[in-house]
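Student: Following this message is one structure expressed as structure tokens.
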Amino acid sequence: MSSPFEKHQKRRLISSYFSVILSIALVLFLVGLLGLLVLNAKKVSDHFKEQVVVTIYLKDNAKEVETKQLEKSLAMADYVKNTEYVSKEQAAEFMKAQNGEDFMDFVGYNPLQNSIDVHLKADFVTTEHLEKISTEALNKNFVDEVSYDNDLVQLMNNNVKKISFWVLLVSGIFTVIAVLLINSSIRLSVYSKRFTIKTMQMVGATKQFIRRPFIWKSIRLGMIGALLALLGMAVVLYYLNQTFAELNLLSNPILVGLLFVFIFALGVIITWISTHFATQRFLNLKTDQLYY
159 MSSPFEKHQK RRLISSYFSV ILSIALVLFL VGLLGLLVLN AKKVSDHFKE
209 QVVVTIYLKD NAKEVETKQL EKSLAMADYV KNTEYVSKEQ AAEFMKAQNG
259 EDFMDFVGYN PLQNSIDVHL KADFVTTEHL EKISTEALNK NFVDEVSYDN
309 DLVQLMNNNV KKISFWVLLV SGIFTVIAVL LINSSIRLSV YSKRFTIKTM
359 QMVGATKQFI RRPFIWKSIR LGMIGALLAL LGMAVVLYYL NQTFAELNLL
409 SNPILVGLLF VFIFALGVII TWISTHFATQ RFLNLKTDQL YY
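To convert a position in the sequence shown, counted from 1, into this note's numbering, add 158.
The following block contains the structure:
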């Protein structure tokens, strides 16, 4: 039977392994979430850009054939995502639903205009393109007005640039922090075995022979931690994809798969390198220096 001391040491060892796995899993999970954010940052920004509507208001005397021709030419343009014709009756019904009352009861007639709502592709949602589209539409003698929120477009484009910069910067910093945290956990794990390392060295074992079991043990811990992180990432990704289906976060499974492979490889590589240098440090120390 095992002595109380051996049981205590085994519990300490299991606790040490558990803390290493947990720290690796948490750090890699957060790095993975940042990676998902980086991969989908453009997709998210494009989604919001494509919600900007350019509304082309038509004169009451606009002929149906002219309206259909304009709508067809817009739909075929390479900068347009989709178009929607909104009649004055549909607009009145929408306002009635929004306000909860029929404004025509007070006005006595429908003052709204027929219009065409145009959603542009994200890359073309800029002030320059919007002005060009507006000018081309106003050249039509049956177009009365073109409306869009230029201030919102400028604010959105400026914020997208700032957010993209900070996301990349934070991702870089966080990756460095992840390496340092995992390295610290591995070093503490190896530190607890420093006397075993020195004993093996004193009886004639080579440095490579001594390092090998520590490295393999750390790699296994890194793999377990990485798998836990990937499981957490998969759950979060599934939830986000179900909640925000319009973003279509799984539209590029190859990139998502590469990110998962990167996170797994990061867990293995960091633990391998950290263990190599940690064991090397204690191998180079003199026996009396192990107590400090």
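Glycine is no exception: its CB is placed at the ideal position from the N, C-alpha and C atoms.
Note that the coordinates shown come from a computational prediction; the quantities given were computed from them, not determined experimentally.
Buried or exposed for Thr293, going by 16 or more other Cβ atoms inside 10 Å?
Tutor: Numbered from 1 along the sequence shown, position 135 holds the residue referred to as residue 293. By the neighbour-count rule (16 or more Cβ atoms within 10 Å), Thr293 is not buried but exposed.
Student: Give the C-beta separation of Val238 and Leu232 to the nearest angstrom, bearing in mind that I take them to be a contact with Cβ-Cβ under 8 angstroms.
Tutor: Along the sequence shown, read from residue 1 onward, the residue named residue 238 stands at position 80. Along the sequence shown, read from residue 1 onward, the residue named residue 232 stands at position 74. With 8 angstroms as the limit, Val238 and Leu232 qualify as a contact, their Cβ atoms being about 5 angstroms apart.
Student: Please confirm whether Val328 and Leu192 have their CB atoms less than 8 angstroms apart.
Tutor: In the sequence shown, residue 328 corresponds to position 170, counting from 1. In the sequence shown, residue 192 corresponds to position 34, counting from 1. Result yes, Cβ atoms of Val328 and Leu192 sit closer than 8 angstroms.
Student: Measuring straight from C-alpha to C-alpha, what distance separates Gly415 and Asn315?
Tutor: Taking the first residue of the sequence shown as 1, we reach residue 415 at position 257. Taking the first residue of the sequence shown as 1, we reach residue 315 at position 157. Distance between the alpha carbons of Gly415 and Asn315: 30 angstroms.
Student: Quick test of your reading: Asp307 and Val210, contact by CB under 8 angstroms. State the CB separation rounded to the nearest angstrom.
Tutor: Taking the first residue of the sequence shown as 1, we reach residue 307 at position 149. Taking the first residue of the sequence shown as 1, we reach residue 210 at position 52. Yes, Asp307 and Val210 are in contact; Cβ-Cβ is about 7 angstroms, under 8 angstroms.
Student: Name the two residues that bound the continuous alpha helix (DSSP H) containing Leu386.
Tutor: As a first step, residue 386 is located in the sequence shown; it is residue number 228 there, counting from the start. Leu386 -> alpha helix (DSSP H) spans Lys365 to Thr401.
Student: Mind checking which residues open and close the alpha helix (DSSP H) that includes Leu296?
Tutor: What you label residue 296 is simply residue 138 of the sequence shown in a count that begins at 1. Run containing Leu296: Thr285 to Leu296, per the alpha helix (DSSP H) assignment.
Student: Please list, in chain order, all residues of the same chain as Ile291 whose beta carbon is under 7 angstroms from its beta carbon, the five residues on each side excluded.
Tutor: Sequence index remark: in the sequence shown, residue 291 carries index 133 (1-based). Val212, listed in sequence order.
Student: Can Ile421 and Ala387 be called in contact, C-beta distance under 8 angstroms?
Tutor: Against the sequence shown, residue 421 aligns to sequence position 263. Against the sequence shown, residue 387 aligns to sequence position 229. Yes, they are a contact pair.
Student: How should Phe163 be labelled, buried or exposed, when 16 other C-beta atoms within 10 angstroms of its C-beta is the threshold for buried?
Tutor: Within the sequence shown, numbered from 1, the residue matching residue 163 stands at position 5. With a pLDDT of 42 at Phe163, under the threshold of 50, the predicted position of this residue should be treated as unreliable, though the coordinate-derived value follows. The residue in question, Phe163, is exposed, as its Cβ has fewer than 16 Cβ neighbours within 10 Å.
Student: From Ala199, Leu216 and Leu184, pick the residue whose C-alpha is nearest to that of Ile335; which is it?
Tutor: On the sequence shown, position 177 is the one that residue 335 refers to. That would be Leu184, whose Cα lies nearest to the Cα of Ile335.
Student: Answer yes or no: do Gly425 and Gly390 have a C-beta to C-beta separation smaller than 8 angstroms?
Tutor: As a working note, residue 425 is residue 267 in the sequence shown. As a working note, residue 390 is residue 232 in the sequence shown. No, the pair does not count as a contact, with Cβ atoms beyond the cut-off.
Student: Going by the CB atoms, is the gap between Phe332 and Val189 shorter than 8 angstroms?
Tutor: As a first step, residue 189 is located in the sequence shown; it is residue number 31 there, counting from the start. As a first step, residue 332 is located in the sequence shown; it is residue number 174 there, counting from the start. It is a contact, given that the beta carbons lie within the stated cut-off.
Student: With DSSP as the reference, identify every bridge partner of Asn240, one or two as the case may be.
Tutor: Locating residue 240 in the sequence shown gives position 82, where the first residue counts as 1. DSSP lists His277 as partners of Asn240.
Student: Assuming the contact rule is C-beta atoms closer than 8 angstroms, Leu195 and Val325 should be a hit. Round their C-beta distance to whole Å, please.
Tutor: Mapped onto the sequence shown, residue 195 falls at position 37. Mapped onto the sequence shown, residue 325 falls at position 167. Indeed, because the Cβ distance is near 6 angstroms, the residues count as touching under 8 angstroms.
Student: Beta-carbon separation of Ile344 and Ser376 under 8 angstroms?
Tutor: In the sequence shown, residue 344 corresponds to position 186, counting from 1. In the sequence shown, residue 376 corresponds to position 218, counting from 1. The answer is yes: Cβ separation under 8 angstroms.
Student: Taking Leu441 as the reference, give the member of Val361, Arg352, Gly383 and Tyr396 with the closest Cα.
Tutor: Taking the first residue of the sequence shown as position 1, residue 441 is located at position 283. Checked all of Val361, Arg352, Gly383 and Tyr396; the closest Cα to Leu441 is Arg352.
Student: Rounded to the nearest angstrom, what separates His205 and Thr241 at their Cα positions?
Tutor: Numbered from its first residue, the sequence shown carries residue 205 at position 47. Numbered from its first residue, the sequence shown carries residue 241 at position 83. Those two C-alpha atoms are separated by around 16 angstroms.
Student: How big is the Cα-Cα spacing for Thr285 and Tyr215?
Tutor: Here residue 285 corresponds to residue number 127 of the sequence shown, with the count starting at 1. Here residue 215 corresponds to residue number 57 of the sequence shown, with the count starting at 1. Rounded to whole angstroms, Thr285 to Tyr215 spans 19 angstroms at the Cα level.
Student: Take Arg370 and list the residues in its own chain whose beta-carbon comes closer than 8 angstroms to its own, dropping the five residues that flank it on each side.
Tutor: For the purposes of this step, residue 370 is taken as residue 212 along the sequence shown, with counting starting at 1. Hits under 8 angstroms: none found.
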